[in-house]
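See structure below.
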Ligand code: SF4
Ligand code: SF4
C-alpha cells in the first residue's frame, strides 16, 4: 500500500501559490484579494544563507562563490517531511513558502510587503530581517548592477519608461536537464567526469585554464552539496522512522531514507527512485537560480522504470498512480515571488511547470507507453493548474491515447495541449538542429520549445507588443501622448500609397524594438555570465563538463536559444487587412480619417470603426485576410531574426503569451482593426481576435494553417468549446477535428472547455467555484485568482459551438 | 452554362446532418408550411430581408437608403421595417454598417458552393463526412440540387440529402443516384393530421420514401411535437415502417423554439400552433419503444 489517502484527500494537500495580477489590467478589487492567498509566506531562508555565504566568500572567483553559496544553503536550510510524503524536497523551508531571488532584485519585493496586497507575506520580524539583508544587497543585486551598467538609451528602454513596444522583463530561466544521462551515471558519475576533465587540462593547459579549473571545482562542490542534501533527508527520515508508531509510516519513512541515501548520487533502479532523483534535481535547479518550468519527457524518461517495476512485481498500477499524485502535490510547493509588474504577465502562475508526453524517439519511433496513460490519469484525478501537459502529436499516436486525452480536456483543466511534430520538426530543422536532436524536443512551460540536455538557458528576453509597433508605424515612432520619439522615425502615414508602405514602416518598428530588447538581453547575459554562473545546472547539460565552461559562457548553436514573446500578431493582421481593404482598395476611408478616428479612440467616428471591423478578418478561412495574416506573421518573424544574440545566432519570436496579451493591451491605444484603446489583444499568436471568427472551428484551423511555424516560430492557438462538444457521440468528431488539425500542420492547439454560464457565475460568486481551472495562455490557472479584466477576456473568447 | 440556385445558409462543421464532420448547404424554398418550422426564412423561394434588432444602433442609414420608405425611425430606438412596403431590394442591407439587416438567400453557382464545401476536405477525410444538402426543401431547386450532388460525387465527396420527400417522383429519381445517404423527414403517418399541420398530404411523401429507401441508405428524422406526433401509437407505426423498409436508423428531433423569433425577424407572425417539446421522461419512453422493435434510434442526431 502506497498511501492511506484517497485521490481526493491527496488533492486536499495542494498548496496554491499562484500569483494574482495586481498591476496593469488589475483592478482595485484584485488588489484587495492580495497578491497571493493569505496562507502563503515569503521564505527568507535562502536569502539569509545566501547572504551569509556571500559575506564569507568576498574576493573568491564568482563561480566558486555561487557553488559555495549553494552548498551553504543546501546544508543549512530547514528541511521537512510531511506525514503523507513519499517524494521529498523543496526550494523553500516550509510548504507555504515562496522562493525569493534576493540576488536578482529586492526593490519590488521590499515595496510589496509594505503594501496592502502583499502585507500577509511577511510579519514584522520578517520585515526587519529583510531590511537587514537589503543593506548587503544594495548595489550588489543583479538589478542594481544593471542599473549601474546600463546607460543612455539602453537604460531608458530597460526601465520601460517610454511606452516602448518592447519590454524587457523576465529573469526566471527555463531549460531541461539531460535527465536520461544523469540517471545513467548518477551525480557521482558527473563528478568523476569533472575530475577527468580536471586531470586532462592539467596536461593540455588550455588558454582558459584558470577559468576551466575554477568552474570544474565549483561544479564538484555543487554536486557534492546536492548529494549531502539528499542525505540530510535520509537522516531526517531515519529519525522520524524510529519515532513512528504505525508500521505503515515506519515503512514509508524507511523507504524514503533508503531512496535518499541512493539517489541522486547513484543511478535509480525503480520508478520511486527515478522520481525522487528527478525531484531533487528539479528543486535544486530552482534553488540555484530563479527558475521556472520542467519540460521532462515524462513517459519517455520514466516509462521504462515503471514497466520494469511492473515486470518485477515491485509496484502496482494503483501504487504508481498514488506516487504520481504525491509528486503532483510537491510540484505545487514550488512557487516564487513575482514583482508587481510581472504579476501582470504571470497572472495565475505559480512556477509555469509543464511536462511533455508522446512524440518520437531519436529513431523516429512513436513514444507511447503505460506511463503516458498514467500521467493523463493522474492529471484527471488531480485537476491541478500545474504541471500542464503537452502532448507531442503525430499521426501515429493511437486513437485510444487521443480519446484519453480528450477525457482529460473535458474536465475543463485546459490541458493536455497538443504540439504538432509535423510543424515543429521542420521548424527546428530550419534552425539547424540535427534531426536526431530535434526529435527529442520538449515543452518546459507555456509553449517554450526546448531540447533536453542542450545548453539553452532559456529565458524570454521580453515581450514584443506588435500592435503597439504598428501604432508607432502610424505616428512616425512618436508617443503622441507626450511627444517623445520612442520608436523608429518612419515616414508620415499620409504619404503611404499602398499597404506595403504601411507594412514596411511596421517592420521597421519591429526591427527597432527587437533590436533594443536584444541589446538589453545581450548585455544582461554578459552580466549573468560574470555574476551569476550556474555550476550545478551546467553539470546537467551536454557540453559544459566536456569543455570546462559554464553554461553562461556559450550557447547551443541554434536560433532555438533566444526568443522574445510575441504579442498580438493577429491584431496586426486584422488591422493591416482593414487598412488594405478600406483605405487602399475600396477607398471608403481615407488615411487622414482613420488617424483622426483612432486618435479620438473612435469617439464620434463609429462609422469609420464599423468599416474597419467589417473588413475581412483572420480566422474565417478568408483568402484575403489569411494571405495578409501569413505575410504579417512571416515577415514579422524574419524582422525579429535580424537581431542576433551574443554568439551570433538570430533571436526569434515565440508564441508564449502567458497572460501578457491582456496586460499588453492595456497600454495600446486604439488600433486600425477597430479595437478600442486599452482593450486586450488576441489571446495567442494564432488565435483570431475576440469574436471575429464567425465561420466556426474548421475555418479557424484553415486560417491558422496558412501560418507556417517553419517560416516563423512556435505558436499558440486557443480554442474554446462547450463541454458537450467532447461528450457522447461528439467525442469521436472532436478527435477527428484534432487529427485534421494535425494534418493541417498547425504548430499548437489547446482547449478551454467550460461554458460561459459557469464562468459568469464564478465571476459573480467566486466562493462557489474555488477550483475552477481555465486555460490562460500556455498554462492553466484558477479562474478566481485571475484579475477581473483577464476573466472578462477569457469569457469573451468565441465559444465554438457544435451545431 | 453554369447552374445556379438560391442558398440561404452554408453551415460548416455540421455534426448532426449525417456521419462525420460535414458542410450543410441549405437551399431556399419549401412546399410544406409546417407550423413549428425552425427555419421560417427557408420557406419562401425568394431572397428576403431579415432583421437583427440587437445589433441596431438606430443610426438611420437604412432609412436614407430605402427607396420605398419602408424603414421607420424614432430617435434613439431600433428602426422598424414596414414589411408591406418592402420590396426586398436590399439597399438598406448594403447601407447598414452594424450587421442589423441581412439578405437571406443568395444566388450562388454550383462551383461557388462546391468551392466552399471543399474547403473542409481535410475534416471530411478524418471523419468520413462530406456534403449535406438541406433546406427548405432541396428538391424545390431540382437542377441546382442535382448538379451540386453530382459535382460533389465527382470530387469524391460523401453526399447526404435531407428532404421532406414532397416532390414529383421523376425529380426524386433524377437525384437519388448522386446521394449516398438520405435523411428523410416524416412529420406524421396520419394523412389528416399531416395536412392540418403542414398544409400538404402525406401520400406522395410516403410513396417517395419507399423509392428512396430502395435506392439509398436512409435514416428517418422525426421532429417531435408533444401532443402531435409523439404518442406511443405513432411511434409504433414509425418503428414498423422502419422495419418494413429496411431503414437504418431513426432520429428523434425534439421541437425547439428557434423558429418563433425568426418569424418576427422576417416580418411574419407565427402560425397559431401550440408547439411543445416532449419531456425527457417521455423521450426515454419513446426510445424504449424503438429499442423494443429492434430499431436503431437516436435523439437529436
Ligand atoms: S442602418 Fe443598421 S444600425 Fe442603422 S438604423 Fe438601420 S438597421 Fe439600425
Ligand atoms: S429591402 Fe429595400 S425596400 Fe426593403 S426595407 Fe430594405 S431598402 Fe427598403
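Chains as they are written, first to last, in our numbering: chain Z, 1 to 803; chain X, 804 to 1104. Glycine included, every Cβ here is placed at the ideal spot set by N, Cα and C.
Residue i versus the options, residue with shortest Cα-Cα distance
i	options	result
residue 1070 of chain X	X/1099, X/826, X/904, X/1040	X/904
residue 1018 of chain X	X/958, X/1024, X/933, X/975	X/975
residue 338 of chain Z	Z/792, Z/104, Z/773, Z/717	Z/104
residue 841 of chain X	X/824, X/1048, X/1066	X/1066
residue 472 of chain Z	Z/506, Z/692, Z/456	Z/506
residue 583 of chain Z	Z/594, Z/135, Z/178	Z/594
residue 437 of chain Z	Z/360, Z/508, Z/499	Z/360
residue 14 of chain Z	Z/386, Z/491, Z/504	Z/386
residue 1081 of chain X	X/1100, X/1091, X/1055	X/1055
residue 1020 of chain X	X/985, X/945, X/942	X/985
residue 692 of chain Z	Z/733, Z/478, Z/574	Z/574
residue 718 of chain Z	Z/57, Z/592, Z/418, Z/187	Z/418
Coarse secondary structure for residue i, derived from DSSP in three states
i	result
residue 781 of chain Z	strand
residue 407 of chain Z	helix
residue 972 of chain X	helix
residue 175 of chain Z	coil
residue 753 of chain Z	strand
residue 24 of chain Z	Residue confidence is low: residue 24 of chain Z scores 49 on pLDDT, short of 50, so the model does not pin down where it sits. Its coordinate-derived value is still stated next. Three-state result, residue 24 of chain Z: coil.
residue 220 of chain Z	helix
residue 35 of chain Z	coil
residue 242 of chain Z	helix
residue 416 of chain Z	coil
residue 464 of chain Z	strand
residue 166 of chain Z	strand
residue 647 of chain Z	coil
residue 143 of chain Z	helix
residue 104 of chain Z	coil
residue 1087 of chain X	helix
residue 745 of chain Z	coil
residue 692 of chain Z	coil
residue 1102 of chain X	strand
residue 821 of chain Z	Outside the shown range of chain Z, which is 1 to 803, sits residue 821 of chain Z, and nothing can be said about it.
Those residues which DSSP pairs with residue i across a bridge
i	result
residue 450 of chain Z	Z/442
residue 815 of chain X	Answer by DSSP bridge pairing: none, since residue 815 of chain X is not bridged.
residue 494 of chain Z	Answer by DSSP bridge pairing: none, since residue 494 of chain Z is not bridged.
residue 654 of chain Z	Z/565
residue 471 of chain Z	Residue 471 of chain Z is not bridged to any residue.
residue 965 of chain X	X/986
residue 937 of chain X	X/829
residue 393 of chain Z	Z/420
residue 366 of chain Z	Z/360
residue 807 of chain X	X/912
Short CB-CB distance (under 9 angstroms) between residue i and chain A
i	result
residue 621 of chain Z	Structure shown: chain A not included; protein chains present are Z and X.
Heavy atom of ligand 3 within 8 angstroms of residue i beta-carbon
i	result
residue 72 of chain Z	Inclusion of ligand 3 in the displayed structure is not the case, the ligand content consisting of ligand 1 and ligand 2 alone.
Contact shell at 6 angstroms, judged by CB to any heavy atom of ligand 1, ordered along the chain: Result (chain order): X/859, X/860, X/861, X/862, X/863, X/864, X/865, X/882, X/898, X/899, X/901, X/903, X/904.
Relative to chain Z, which residues along the region 949–972 of chain X have a C-beta separation below 8 angstroms, given in chain order? none
For the region 901–921 of chain X, which residues have a CB atom closer than 7 angstroms to at least one CB atom of chain Z, in sequence order? 901
Give me the subset of the region 398–410 of chain Z whose CB atoms are less than 9 angstroms from a CB atom of chain X, sorted by chain position. none
Please list, in chain order, the residues of the region 808–824 of chain X that have any C-beta partner in chain Z closer than 8 angstroms. 814, 815, 816, 817, 818, 819, 823, 824
Using a beta-carbon distance cut-off of less than 9 angstroms, what residues from the region 828–860 of chain X approach chain Z? Against chain Z - using a Cβ distance shorter than 9 angstroms - the residues of the region 828–860 of chain X are 860.
Please list, in chain order, all residues with a C-beta atom less than 6 angstroms from at least one heavy atom of ligand 2. X/852, X/868, X/869, X/871, X/873, X/874, X/884, X/889, X/890, X/891, X/892, X/893, X/894, X/895
Chain-ordered residues of the region 925–947 of chain X with a beta carbon less than 7 angstroms from chain Z: 925, 926, 929, 930
Check each residue of the region 737–749 of chain Z: if its Cβ is closer than 7 angstroms to any Cβ of chain X, include it; give the result in chain order. 737, 739, 740, 743, 744
Anything in the region 679–707 of chain Z with a Cβ closer than 7 angstroms to a Cβ of chain X? List those residues in chain order, please. 695, 696, 697, 698, 699, 702
In chain order, what residues of the region 982–1000 of chain X put their CB closer than 8 angstroms to some CB of chain Z? none
For the region 586–615 of chain Z, list every residue whose C-beta sits within 8 angstroms of some C-beta in chain X, in sequence order. 606, 607, 610, 611, 614
To be precise: take each residue of the region 1014–1045 of chain X, compare its Cβ to all Cβ atoms of chain Z, and keep it if any distance is under 7 angstroms. Which residues remain? none
Members of the region 82–104 of chain Z near chain X, C-beta cut-off 8 angstroms: none
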